[in-house]
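Written below as structure tokens is the structure these notes are about.
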Amino acid sequence: MTQEELQALAVNKSVDARGTACPGPLLEAKKAIGTIGSGDIMEVLSADEGTKRDIPKWANKKGHEYLGTVEESGFFKIYLKKG
Amino acid sequence: MSKLCMGLFSGSLDKLTAAGVILSGAAADDMDVDVFVLLQGARAFLKGNENKIDNLAEASFLKDEFISSLERLKVSTWYEFFEMSKDMTNVKIYICSLAGKIWGGEKLEDFNGLVDDICGIGEYLTSAEEADIHMFI
Chain A
924 MTQEELQALA VNKSVDARGT ACPGPLLEAK KAIGTIGSGD IMEVLSADEG
974 TKRDIPKWAN KKGHEYLGTV EESGFFKIYL KKG
Chain B
42 MSKLCMGLFS GSLDKLTAAG VILSGAAADD MDVDVFVLLQ GARAFLKGNE
92 NKIDNLAEAS FLKDEFISSL ERLKVSTWYE FFEMSKDMTN VKIYICSLAG
142 KIWGGEKLED FNGLVDDICG IGEYLTSAEE ADIHMFI
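Going down the list, the protein sequences come from chains A and B. The working numbering puts the first residue of the first sequence at 924, with every later residue one more than the last. The working numbering puts the first residue of the second sequence at 42, with every later residue one more than the last.
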């Protein structure tokens, strides 16, 4: 997905984990994905560099689709589609 | 479902924190986890001791920097990591019976609420044999 397509996604759940260091964002993502339905889109906001590799790998293992990452200033947004 | 077996020998703040972070990663992955708390570790799990642990196993001269960094980064305490992991996945915590006795803990009620049971070394080795990942901290 392009950056524009990611930005234009209709997000069903947004998780702001910018206040926490690893493993905080992963744990927030894990908790939040249980609250949405299959096919729903979730974004995770994080400022922890480790999250960029961690969440896509985790999503892949758990059967969710990693859609891409958008860089903002001082943080980034990771987009997932629940499997 | 994959399984993690952890031998937790250390009762120091740095290693307990590392163990807690690893456990929470396993919890995010829905792994089954067995933690076997050995010698020094068992002291940290005695009831009421969770907030008394403030020694580091390595680089003890950096203790103040370590503790203030954990606070600055809003890192959960080791106890909170263990608690969260137990809420999220199947984590069982066993105290080695010899280790418990060394620090004055003979029965399950002598230990904090995280502990599931007291066990012998055979159970640890059987768990390690069956696990996909085994680590010793």
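Glycine is no exception: its CB is placed at the ideal position from the N, C-alpha and C atoms.
Query - Neighbouring residues, chain A, relative to Ser51 (chain B) (Cβ below 8 Å) - result: Numbered from its first residue, the second sequence carries residue 51 (chain B) at position 10. Residues of chain A passing the Cβ test: none, with the nearest at roughly 19 Å.
Report task. Report the residues of the region 64-77 of chain B with a CB closer than 9 Å to any CB of chain A, ordered along the chain. Result -> Within the region 64-77 of chain B, the qualifying residues are Ser65, Gly66, Ala68, Ala69, Asp70, Asp71.
Query - Where Asp158 (chain B) falls: helix, strand or coil (DSSP) - result: The residue labelled residue 158 (chain B) in the question sits at position 117 within the second sequence. Three-state DSSP puts Asp158 (chain B) in a strand.
Requested in this report: Flag this pair as touching only if the region 118-137 of chain B and the region 68-80 of chain B have three or more C-beta atom pairs under 8 Å; answer yes or no.
Outcome: Output reads yes: the region 68-80 of chain B touches the region 118-137 of chain B.
Query raised in the report: How many angstroms separate the CA atom of Asp151 (chain B) from the CA atom of Gly141 (chain B)?
Result: Counting from one through the second sequence, the residue named residue 151 (chain B) turns up at place 110. Counting from one through the second sequence, the residue named residue 141 (chain B) turns up at place 100. Roughly 9 Å separates the two Cα atoms.
Report task. Taking only beta-carbon positions, decide if Leu114 (chain B) is within less than 8 Å of chain A. Result -> Locating residue 114 (chain B) in the second sequence gives position 73, counting from the first residue. Yes, contact with chain A.
Query raised in the report: If you drop the 5 nearest sequence neighbours on each side, which residues of the same chain put their C-beta closer than 8 Å to that of Asp95 (chain B)?
Result: On the second sequence, position 54 is the one that residue 95 (chain B) refers to. The residues are Leu54, Lys104, Ile108.
Requested in this report: Please compile the residues from chain A whose C-beta is within a distance smaller than 9 Å of the C-beta of Val62 (chain B).
Outcome: The residue given as residue 62 (chain B) occupies position 21 in the second sequence. Taking a Cβ-Cβ cut-off of 9 Å, the neighbours of Val62 (chain B) in chain A comprise Cys945, Pro946, given in sequence order.
Query - Within 8 Å, strictly: CB atoms of Leu57 (chain B) and Ser65 (chain B) - result: Stepping through the second sequence from its first residue, residue 57 (chain B) is reached at position 16. Stepping through the second sequence from its first residue, residue 65 (chain B) is reached at position 24. Not a contact, by the Cβ cut-off of 8 Å.
Query - Length of the line joining the Cα atoms of Lys88 (chain B) and Asn153 (chain B) - result: To locate residue 88 (chain B), count along the second sequence from 1; it is residue 47. To locate residue 153 (chain B), count along the second sequence from 1; it is residue 112. Rounded to whole angstroms, Lys88 (chain B) to Asn153 (chain B) spans 4 Å at the Cα level.
**Report entry** Simplified DSSP state of Phe86 (chain B), which is helix, strand or coil
**Finding:** In the second sequence, residue 86 (chain B) corresponds to position 45, counting from 1. In this structure, DSSP gives Phe86 (chain B) a state outside helix and strand, which the three-state scheme calls coil.
Query raised in the report: Cβ of Met47 (chain B) less than 8 Å from any chain A Cβ?
Result: Residue mapping note: residue 47 (chain B) aligns to position 6 of the second sequence, counting from 1. Not a single CB atom of chain A sits nearer than 8 Å to the CB of Met47 (chain B).
Query - Whole runs of the alpha helix (DSSP H) within the region 113-153 of chain B, excluding any shorter than 4 residues - result: Counting only runs of 4 or more, we get 119-129, 138-143.
Query raised in the report: Going by the beta-carbon positions, is the gap between Tyr989 (chain A) and Ile964 (chain A) smaller than 8 Å?
Result: The count along the first sequence starts at 1 and reaches residue 989 (chain A) at position 66. The count along the first sequence starts at 1 and reaches residue 964 (chain A) at position 41. Their beta carbons are not under 8 Å apart, which means Tyr989 (chain A) does not touch Ile964 (chain A) by this criterion.
Query - Spatial distance of Thr167 (chain B) from Ile174 (chain B) (CA atoms) - result: Numbered from 1 along the second sequence, position 126 holds the residue referred to as residue 167 (chain B). Numbered from 1 along the second sequence, position 133 holds the residue referred to as residue 174 (chain B). CA-to-CA, the gap between Thr167 (chain B) and Ile174 (chain B) works out to about 13 Å.
Query raised in the report: Does the separation of the CB atoms of Met924 (chain A) and Gly986 (chain A) fall below 8 Å?
Result: Translated into positions along the first sequence, residue 924 (chain A) becomes position 1. Translated into positions along the first sequence, residue 986 (chain A) becomes position 63. No.
**Report entry** When A:Trp981, A:Phe999, A:Cys945 are compared against Gly1008 (chain A), the one with the closest alpha-carbon
**Finding:** Because chain A here runs from 924 to 1006, residue 1008 (chain A) falls outside it and cannot be looked at.
Requested in this report: Classify Val62 (chain B) as helix, strand or coil using the three-state DSSP reduction.
Outcome: The residue given as residue 62 (chain B) occupies position 21 in the second sequence. Secondary structure at Val62 (chain B): helix, using DSSP grouped into helix, strand and coil.
Report task. Check the Cβ-Cβ distances between Lys1005 (chain A) and every residue of chain B, and say whether any is below 8 Å. Result -> Looking up residue 1005 (chain A) in the first sequence gives position 82. Chain B contact via Cβ: absent.
Query raised in the report: With 8 Å set as the bound, which would you pick, yes or no: does the beta-carbon of Lys984 (chain A) sit closer than that to a beta-carbon of chain B?
Result: Sequence index remark: in the first sequence, residue 984 (chain A) carries index 61 (1-based). With 8 Å as the cut-off, Lys984 (chain A) counts as an interface residue toward chain B.
**Report entry** Proximity winner among A:Thr958, A:Asn935, A:Val934, A:Lys1000, relative to Glu972 (chain A) (alpha-carbon distances)
**Finding:** Walking along the first sequence from the start, residue 972 (chain A) turns up at place 49. That would be A:Lys1000, whose Cα lies nearest to the Cα of Glu972 (chain A).
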